[in-house]
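Below is one structure; the comments refer to it alone.
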Amino acid sequence: FLKDKNPDYTEKMVQNNVMPLYSSASCSPYLLDTANWLLGELVSYLPQ
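So the mapping is simple: the numbering used here equals the position in the sequence shown, first residue as 1, plus 675.
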């Protein structure tokens with residue numbers, strides 16, 4: 676799915692949906708673990 680999208684789309688998705696989890700005080704460790712995994716999977720689709 677993301678291979679067909681513009682890299683800017685992926686970057687905005689990460690900025691708006693994943694990164695805010697790291698600043699949330701009440702975020703579950705399991706959710707942060709999933710966010711870390713997701714970032715690892717998406718890194719090849721993000722612009723430098």
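By construction, the Cβ of each residue, glycine as well, lies at the ideal position given by its N, Cα and C atoms.
{"Check": "Ordered along the chain, which non-local residues of its own chain (more than five positions away) have a Cβ less than 7 angstroms from that of K685?", "Outcome": "The residue asked about is misnamed: residue 685 is Thr in this sequence, not Lys. Within the same chain, T685 has close Cβ partners L677, L717, Y720, L721."}
{"Check": "If you follow the alpha helix (DSSP H) that D679 is part of, which residue opens it and which one closes it?", "Outcome": "No alpha helix (DSSP H) contains D679, which DSSP labels as neither H nor E."}
{"Check": "Would you please state the rounded distance, in angstroms, between the beta carbons of L696 and L714? I believe it to be under 8 angstroms.", "Outcome": "So it is not a contact: roughly 10 angstroms between Cβ atoms."}
{"Check": "Three-state secondary structure (DSSP) at A710?", "Outcome": "helix"}
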